[in-house]
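Trainee:
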Amino acid sequence: MSIAVDDDLTERSKENLLRPERFLWGILSFACGIGLWWLATVSGLSVLPSPWTVLMRMIELAFSGQLWLDMFASLRRVLIGFLFGSLIAVPVGFLMGWYRIARAVIDPWIQFFRVIPPLAIIPLAIVTLGIDEKPKIFVIFLAAFLSSVVATYQGVISVDRTFINAARVLGANDRVIFARVIIPASTPFILVGFRIGLGSAWATVVAAELIAAQSGLGFRMQQAQLYYDLPTIFVSLIAIGILGLIMDRIVVRAEQRLTHWQERVYHD
Amino acid sequence: MTELQPKISFQHVSKKFGDGLKSFIALNDLSLDIADGEIITVVGPSGCGKSTAMNIVAGLIDASAGQCRVSGNSVKGPGPDRGVIFQQYALFPWLTVLKNVEFGLKLQGMGREERRKRALHYLELVGLKEFADAYPKTLSGGMKQRCAIARAYAVDPSVLLMDEPFGALDALTRVKLQDQLLETWAKDKRTVMFITHDVDEAVYIAHRVVVLAARPGRLQEIIDVDLPFPRNEEIRLSREFAAIRNRVWRAVYDQ
Ligand SMILES: Nc1ncnc2c1ncn2[C@@H]1O[C@H](COP(=O)(O)OP(=O)(O)OP(=O)(O)O)[C@@H](O)[C@H]1O
Ligand SMILES: [Mg+2]
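Residue numbers (my numbering), protein chains in the order written: chain U, -17 to 250; chain Y, 8 to 262.
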């Protein structure tokens, strides 16, 4: 019937058509990679364990429950650190974007801490916070906080002036502009910040566990290294990759849901 | 006295941006009265202060000197008595067409049912009723601008301020929206201040065309458009129209 609705439909069906195809290419690519890996190990070109050995170890670790415990330990740290980090980052980012003075006061600190890799904080965190969960969660918190706070305040300062003017001439005061214009307009930026924050939180947890931990995927790899246990290292790496991918997809989905109103450029 | 009171009155309005050596005079000593129910179009070279003048009426920027009055009251910030339509549409992309139109009504504290009814009424007026639940990204430029017009009308302003509202549209859509604007005006006789780059458009819809000059932005000439309403194709093609159009053209380009 209507042009706009038709447009919407064709866009969506185009995506649907492409999705299974893209998925197949992905599977094929992975299969080829594993095939090459297998060839390299059977031909004796490499000292790596074969895919088969790794799979066996994975099953073994899964049945003993070890794998799940490690995954749970790492995930727990990431989620707690990330949750606190982003929950605090959003209001701080809004504050910085909205009030010049807040920006002038807070920004130097953020810029400073941003250039310190979170891992460099670990020694300090261990000395001051002990060797239990606190230092790890703290560095993850920091990593997530820094990327989300920058994204949020970038989002606020890049809100198009015309939206604000349009709201003002319709009778909006500052409070309304904040709630009904600034927040929705900066949501896409905030979600991108979350995605980056989650990525760096995940990167940080593994590294933190390599240094000081009694559990977690990073810790498991470090232990395996001591015993030259390559299959376990592979299993941990694969688990890290898969969990990271799943978390990233979840954020991307949330992003698509919350910002479906955005004009997007399709790159297919 | 009250009958003679202009709806919009610029009284020696100047606007200077920045200060010291870097300051720039965007508008210099503009005095102009716009009567209630009058359609004024403003033309002039780029940078002559058209948008600046309009934003002062809208209350989005303050005059550096002189004052601007609307309905006799000196302008202090924006208000729903002055509806503004921007060139870039400025629809909120995160709201549906209906919610965009309801935005101003909600701020006035109007109840949900009434708000909806009113918004739909104005959407019908601009021919967008079937698109009430669509998001702006699915609309064409002309539809977006019609939605912006509905949003401005919905709060029932007595003054409409339009900054090159049809500037980004194709010629045919433009003419249609011009006719639509005049049709609506014939019913409610709102005061309209309309900025445009298009001399034909300026003459076609106006009672008077205000020509500004640049550097510094100032009043160049006011040209009366002595053509009857309702305006139509016949008037647009008439010799009288062409004569006025040529006058405006010369005033703009032979400065
Ligand atoms: N916020 C600002 N700060 C500094 N200078 C400004 C600002 N806004 C406008 N100006 C300057 O004031 C002058 C008039 O601007 P204005 O936007 O009113 O012009 P205009 O007549 O609407 O031009 P156009 O036809 O291109 O829209 C321009 O030279 C512009 O550079
Ligand atoms: Mg302008």
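The C-beta atom is built at its ideal place from N, Cα and C for all residues, glycine as well.
Whose CA, out of A213/Y, P172/Y, A175/Y, lies closest to the CA of W192/Y?
Mentor: Closest option to W192/Y, Cα to Cα, is A213/Y.
Trainee: Quick one: is Y160/Y near chain U, going by C-beta distance under 7 Å?
Mentor: Output row for Y160/Y: interface = no.
Trainee: Name all residues in chain order for which at least one heavy atom of ligand 1 lies closer than 5 Å to the residue's CB.
Mentor: Any residue whose Cβ sits closer than 5 Å to a heavy atom of ligand 1 makes the list: F24/Y, A33/Y, S53/Y, G54/Y, C55/Y, G56/Y, K57/Y, S58/Y, T59/Y.
Trainee: Residues in the same chain with beta-carbon distance under 6 Å from A183/U, minus the five sequence neighbours each way, listed in chain order, please.
Mentor: Hits under 6 Å: V60, G63, F64, I122, A125, A126.
Trainee: For chain Y, is any of its Cβ atoms less than 7 Å away from the one on L152/U?
Mentor: Answer yes: the Cβ-Cβ gap between L152/U and chain Y drops below 7 Å somewhere.
Trainee: How would you label V162/Y, buried or exposed, when you count the other beta carbons within 10 angstroms and need 16 or more for buried?
Mentor: That one is buried.
Trainee: Just verifying my parser: in three-state terms, what is the DSSP assignment at I18/U?
Mentor: It should be noted that the sequence gives Leu, not Ile, for residue 18/U. In the structure shown, L18/U sits in a helix (DSSP, three-state: H, G or I).
Trainee: So, for Y160/Y: in the same chain, excluding its five sequence neighbours on each side, which residues have a beta-carbon less than 6 Å away from its beta-carbon?
Mentor: Excluding residues within five positions, the ones whose Cβ falls inside 6 Å are Y129.
Trainee: Between I165/U and I146/U, is the Cβ-Cβ spacing less than 7 Å?
Mentor: Not closer than 7 Å, so no.
Trainee: Just the C-alpha distance for T203/Y and P52/Y, rounded to the nearest angstrom, thanks.
Mentor: Cα to Cα, the separation comes out at about 10 Å.
Trainee: Per the contact definition of three or more C-beta pairs closer than 8 Å, is the segment 209 to 224 of chain Y in contact with the segment 40 to 58 of chain Y?
Mentor: The answer is yes - the segment 209 to 224 of chain Y touches the segment 40 to 58 of chain Y, with three or more Cβ pairs under 8 Å.
Trainee: Return no unless some Cβ of chain Y is closer than 7 Å to the Cβ of P2/U.
Mentor: Not one chain Y Cβ lies under 7 Å of P2/U.
Trainee: Leaving out the 5 sequence neighbours to the left and right, which residues in its chain are closer than 6 Å to W256/Y when beta-carbon positions are compared?
Mentor: So the list reads V206, once near-sequence residues are dropped.
Trainee: Using the Cα positions of I(-15)/U and K196/Y, report the straight-line distance between them to the nearest angstrom.
Mentor: Note that I(-15)/U scores a pLDDT of 37, beneath 50, so its modelled location is shaky; the value from the coordinates is reported in the next line. Spanning the two alpha carbons is a distance of roughly 33 Å.
Trainee: What are the residues that DSSP puts in a beta bridge with C75/Y?
Mentor: According to DSSP, which records beta bridges pairwise, C75/Y is partnered with F17/Y.
Trainee: In chain order, what residues of the same chain have a beta carbon less than 8 Å from the beta carbon of W80/U, not counting five sequence neighbours either side?
Mentor: Closer than 8 Å at Cβ, skipping near neighbours: V138, F160, I164.
Trainee: List the residues that DSSP assigns as beta-bridge partners of R82/U.
Mentor: Beta-bridge pairing links R82/U to no other residue.
Trainee: Note down the Cα distance separating F110/Y from Q238/U, rounded to an integer number of angstroms.
Mentor: Going from the Cα of F110/Y to the Cα of Q238/U covers about 24 Å.
Trainee: Since G175/U contacts A133/U with CB under 8 Å, what's their CB separation in whole angstroms?
Mentor: That belief holds up - the Cβ atoms of G175/U and A133/U are roughly 2 Å apart, short of 8 Å.
Trainee: Output the residue ranges of the beta strand (DSSP E) runs that lie fully inside the segment 138 to 208 of chain U and measure 3 residues or longer, sorted by chain position.
Mentor: Counting only runs of 3 or more, we get nothing.
Trainee: Along the segment 104 to 124 of chain Y, what residues have a CB closer than 7 Å to any CB found in chain U?
Mentor: Against chain U - using a Cβ distance shorter than 7 Å - the residues of the segment 104 to 124 of chain Y are F110, G111, L114, Q115.
Trainee: Listed in chain order, which residues of the segment 137 to 169 of chain U have Cβ atoms closer than 9 Å to some Cβ of chain Y?
Mentor: For the segment 137 to 169 of chain U, which is checked against every Cβ of chain Y, the residues closer than 9 Å are D142, T144, F145, N147, A148, A149, R150, V151, L152, G153, A154, N155, V158, R162, V163, P166, A167, T169.
Trainee: Anything in chain Y within Cβ reach of W243/U, meaning under 7 Å, just list it in chain order.
Mentor: Simply P100, W101, Y142, K144.
Trainee: Pull up the DSSP beta-bridge partners for F31/Y, would you.
Mentor: In the DSSP output, where bridge partners are listed per residue, F31/Y has F24/Y.
Trainee: When you compare the CB positions of L184/Y and F173/Y, do they come within less than 7 Å of one another, or not?
Mentor: Taking 7 Å as the Cβ cut-off, L184/Y and F173/Y qualify as a contacting pair.
Trainee: Please classify W91/U: is it buried, with 16 or more other beta-carbons within 10 angstroms of its beta-carbon, or exposed?
Mentor: By the 10 Å Cβ count, W91/U comes out exposed.
Trainee: Below 7 Å between beta carbons: does that hold for V131/U and V74/U?
Mentor: Contact flag set, yes.
Trainee: Would you identify the three-state DSSP class for T(-8)/U, choosing helix, strand or coil?
Mentor: In this predicted model, T(-8)/U has a pLDDT of only 47, less than 50, meaning its place in the structure is not dependable; the value taken from the coordinates is given anyway. If DSSP states are grouped into helix, strand and coil, T(-8)/U belongs with the helices.
Trainee: Measure the C-alpha to C-alpha separation of I16/U and A22/U and round it to an integer number of angstroms.
Mentor: Going from the Cα of I16/U to the Cα of A22/U covers about 10 Å.
Trainee: Mapping DSSP to helix, strand and coil, what is Q244/U?
Mentor: Coil.
Trainee: Cα separation between L263/Y and K22/Y?
Mentor: Nothing can be reported for residue 263/Y, as the shown portion of chain Y is limited to 8 through 262.
Trainee: Would you say F201/Y reaches chain U, if we count a Cβ-Cβ gap shorter than 7 Å as a contact?
Mentor: No, no contact with chain U.
Trainee: A157/Y: buried (16+ other C-beta within 10 angstroms of its C-beta) or exposed?
Mentor: By the 10 Å Cβ count, A157/Y comes out buried.
Trainee: What is the DSSP secondary structure of R246/Y, counted as helix, strand or coil?
Mentor: Reduced to three states, the DSSP call for R246/Y is helix.
Trainee: Within this structure, are the beta carbons of S68/U and V187/U separated by less than 7 Å?
Mentor: No. Outside cutoff.
Trainee: Strictly by DSSP, which residues pair up with F201/Y?
Mentor: Note: F201/Y sits in a beta bridge opposite T48/Y, M169/Y.
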